[in-house]
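Since the structure comes first, as C-alpha cells, the remarks are kept for the end.
Numbering (the working numbering), first residue to last: 3 to 389.
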C-alpha cells in the first residue's frame, strides 16, 4: 500500500510554514540572536503563574464546560467592555479556545464551504491561508503596500470581493508589519462591507500593543458588530504563549456552531490556563502597561537601527515587529535572511513567508532583550555595509 496516496490532496498541497527552516538552522548555532520568533521575552507575570499553580494545588484539573468556565467568559466580557468598548453576552457570545489560532480555525470552518472565498490582506499571519485551504475554501490575497503603511483600503477590497466571498480577515495591529488601522481608516471599509453578506474575522491578538492612541476594532462600528468575530487571546499582551489560551466573541449563532466543532475536536481549553487567564484579566493591567512601555522603547531603537543601516522602514505603530525593505541590497528576502543568519548569526524571517507581496521585506521582532537588539542591529549594519 502506498500510504502517501492516502493523504488528502488539499492537505498535501499546502506548503509548510516558510518560517520553520530558519528556526531549525538557528537551533544548530551558537551565539546566534533570534529576531524571528513572535514571542514575548517576558516571563508570564508572577500573579498569573501563581494562580495557575494554586489551581493545581487545589486539584482543579477536570474538564471545564466546552465554551470555557463561565467565570472566565464573564471576565472576558468585562475586559472587552473596559478596554475595547464592546459588549458581549458571556453565556452565548464568547468561546474560550486553545490560543487565538484555534479560534481562527473554528471561525473559518464554521462559515465556509468548499469553493467559497476568503479575502486575506497580505502580508499576514501564516495561519490564515493554511486554515482557509484546510477548510476547502479559496484564499484571495490583497496586496497591502508600504506606501499606504500596510493599511487596508476600500479600492483594493472592492477588487477582491466577489459573489463567492464569505469571509474577510482583518488583522490589526498587524503581524508581520506592525501596521494599525484607526477610526478614519475603517470608515471606508465599513461603508463598503455593511450591506454585504460577508463575515469579518478580526484578529486582535496585538490590541494591547498599540503605541499611539487607542486600539480600534471594526466591531466598534454598530453596523459591523453582529457580523464580526473578534479573536483575541493572552499570548502577546500577557506573555502567556505556552499556556495556549485564547477566545472569540461574536454573534451567538456563529459562536454556537464554533462551539460544536470545538466540542468534537478539543473538548475544552486547558483548565489550568483558564484559571490563570482569569487572574490576568482581573489584576494585571499594570503588568501589561509595563511590558508595552518597554516594547515601545525597543521599537524606536530597532526602527532607528534599520534606518541607519540604510534600509527603508516605515514606522510600525503596533505589535512587536518591524518590516524593513531590503530590495536595495539586490537580494531576495530568502537570500538576505539566510546570509544574515549564516554570516552574522542573526535570525530574521523573509517577508515572503507572509505572502507573495512580502517579497523584498524581512520581519524582525523586538520581543527580545535590549542587549540582544543592540548587538543584532550592529551585526545587521555590518552585513548590509558588506553588500
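Using N, Cα and C, we set each Cβ at its ideal position, and we do this for glycine too.
No experiment lies behind these values; they were computed from the predicted model shown.
Exercise for review: Go ahead and pull the three-state DSSP assignment for residue 150.
Suggested key: Residue state for residue 150 is assigned as helix, using DSSP reduced to three classes.
Review point. Exposed or buried, which one is residue 264 when buried takes at least 16 other CB atoms within 10 Å?
Key: Of the residues assessed, residue 264 falls on the buried side of the cut-off, its CB having 16 or more other CB atoms within 10 angstroms.
Review point. Buried or exposed: where does residue 18 fall if 16 or more other Cβ atoms within 10 Å of its Cβ makes it buried?
Key: Its Cβ having fewer than 16 others within 10 Å, residue 18 is exposed.
Review point. Of the choices 317, 318, 323, 353, whose alpha-carbon is the least far from that of residue 329?
Key: Comparing Cα-Cα distances from residue 329 to each of 317, 318, 323, 353, the minimum goes to 353.
Practice item. Would you check if the distance between the CB atom of residue 143 and the CB atom of residue 123 is smaller than 9 Å? Key: Yes, these two residues count as a Cβ contact at 9 Å.
Review point. Around the C-beta of residue 106, are 16 or more other C-beta atoms found within 10 angstroms, so that it is buried, or is it exposed?
Key: With 16 or more other CB atoms across the displayed protein chains lying within 10 angstroms of its CB, residue 106 is buried.
Practice item. Starting from residue 143, trace the beta strand (DSSP E) both ways and give me its first and last residue. Key: The continuous beta strand (DSSP E) containing residue 143 extends over residues 140-145.
Review point. Where DSSP assigns a beta bridge to residue 251, which residues make up the other side?
Key: Looking at the DSSP assignment, residue 251 forms a beta bridge with 96, 232.
**Study point:** Beta-carbon contacts of residue 316 that lie in its chain and below 7 Å, excluding the five residues immediately before and after
**Key:** If you ignore the 5 residues before and after residue 316, its C-beta comes within less than 7 Å of the C-beta of 148, 151, all in its own chain and listed in chain order.
Exercise for review: Identify whether residue 207 lies in helix, strand or coil by the three-state DSSP scheme.
Suggested key: Looking at residue 207 - three-state DSSP - the assignment turns out to be coil, as it is neither helix nor strand.
**Study point:** Backbone CA spacing between residue 156 and residue 194 [nearest angstrom]
**Key:** Their Cα atoms are separated by approximately 7 Å.
Exercise for review: Could you check the C-alpha separation between residue 333 and residue 340 for me, to the nearest Å?
Suggested key: The straight-line gap from Cα to Cα measures roughly 10 Å.
Check your understanding: Measuring CB to CB, does residue 232 end up less than 9 Å from residue 168?
Key -> Between residue 232 and residue 168, the gap from beta carbon to beta carbon reaches 9 Å or more.
**Study point:** Limits of the unbroken beta strand (DSSP E) element including residue 365
**Key:** Counted as a single uninterrupted DSSP element, the beta strand (DSSP E) harbouring residue 365 occupies residues 364-367.
Review point. If you drop the 5 nearest sequence neighbours on each side, which residues of the same chain put their C-beta closer than 8 Å to that of residue 108?
Key: Here the set comprises 97, 99, 250, 260, 263, 264.
Review point. What does a CB cutoff of less than 6 Å around residue 137 pick up in its chain, not counting 5 residues either side in sequence?
Key: Apart from sequence neighbours up to five positions away, the residues of its chain that approach residue 137 with a beta-carbon distance below 6 Å are 110, 111, 114, ordered along the chain.
Practice item. Would you tell me roughly how many angstroms separate the C-alpha atoms of residue 93 and residue 347, rounded to the nearest one? Key: For residue 93 and residue 347, the gap between their C-alpha atoms comes out near 50 Å.
Practice item. Would you identify the three-state DSSP class for residue 221, choosing helix, strand or coil? Key: Reduced to three states, the DSSP call for residue 221 is helix.
**Study point:** Buried or exposed (CB count within 10 angstroms, at least 16 for buried), residue 318
**Key:** The residue in question, residue 318, is buried, as its Cβ has 16 or more Cβ neighbours within 10 Å.
Review point. Whose C-beta lies closer than 6 Å to the C-beta of residue 102 among residues of the same chain, with five residues either side of it excluded?
Key: In chain order, 207, 233, 235, 248 place their CB closer than 6 Å to the CB of residue 102, counting only its own chain and leaving out the 5 sequence neighbours on each side.
Point to revise | One or two residues paired with residue 169 in a DSSP bridge | key: DSSP lists 120, 201 as partners of residue 169.
Point to revise | Reduced DSSP category for residue 90 - H, G, I as helix; E, B as strand; rest coil | key: In the structure shown, residue 90 sits in coil (DSSP, three-state: anything other than H, G, I, E or B).
Exercise for review: Measure the beta-carbon distance from residue 80 to residue 254 and round it to whole angstroms, keeping in mind my assumption that it falls under 8 Å.
Suggested key: Actually they are not in contact, since the Cβ atoms of residue 80 and residue 254 sit about 18 Å apart, beyond 8 Å.
Practice item. Give every residue of the same chain whose Cβ lies closer than 7 Å to the Cβ of residue 274, excluding the five residues on either side of it in the sequence, and list them in chain order. Key: 54, 57, 58.
Review point. With which residues is residue 212 paired in a DSSP beta bridge?
Key: For residue 212, the pairing in a beta bridge is given by DSSP as 320.
Check your understanding: Using the C-alpha atoms, what's the distance from residue 240 back to residue 345?
Key -> Spanning the two alpha carbons is a distance of roughly 34 Å.
Review point. From which residue to which residue does the alpha helix (DSSP H) around residue 280 run?
Key: From DSSP, the alpha helix (DSSP H) with residue 280 extends over 273-285.
Point to revise | Counted within 10 angstroms of its Cβ, other Cβ atoms place residue 366 as buried (16 or more) or exposed | key: Classification of residue 366: buried, given that the 10 Å Cβ count is 16 or more.
Review point. Taking Cβ positions, are residue 140 and residue 200 nearer each other than 9 Å?
Key: Cβ distance not < 9 Å, so residue 140 and residue 200 don't count as in contact.
**Study point:** Endpoints, the alpha helix (DSSP H) within which residue 112 is located
**Key:** Note, residue 112: alpha helix (DSSP H), 101-113.
Check your understanding: Leaving out five residues before and five after residue 280 in sequence, what residues of the same chain have Cβ atoms less than 8 Å from its Cβ?
Key -> Within the same chain, and ignoring the five residues on either side of residue 280 in sequence, the residues whose Cβ sits closer than 8 Å to its Cβ are 53, 71, 73, 74, 77.
Practice item. Note the first and the last residue of the continuous alpha helix (DSSP H) segment covering residue 54. Key: Where residue 54 is concerned, the enclosing alpha helix (DSSP H) stretches over 48-59.
Practice item. Let me know the secondary structure DSSP gives residue 351 once reduced to three states. Key: Strand at residue 351.
Review point. For residue 41 versus residue 369, is the C-beta spacing smaller than 9 Å?
Key: Yes. Within cutoff.
Exercise for review: On a CA-only basis, which of 258, 116, 312 is nearest residue 395? Give me that one, please.
Suggested key: Because the chain spans 3 through 389 in this model, residue 395 falls outside it and cannot be assessed.
Check your understanding: If you count every other CB in all the chains shown that lies within 10 Å of the CB of residue 387, and 16 or more means buried, which is it?
Key -> Answer is exposed; the Cβ neighbour count stays below 16.
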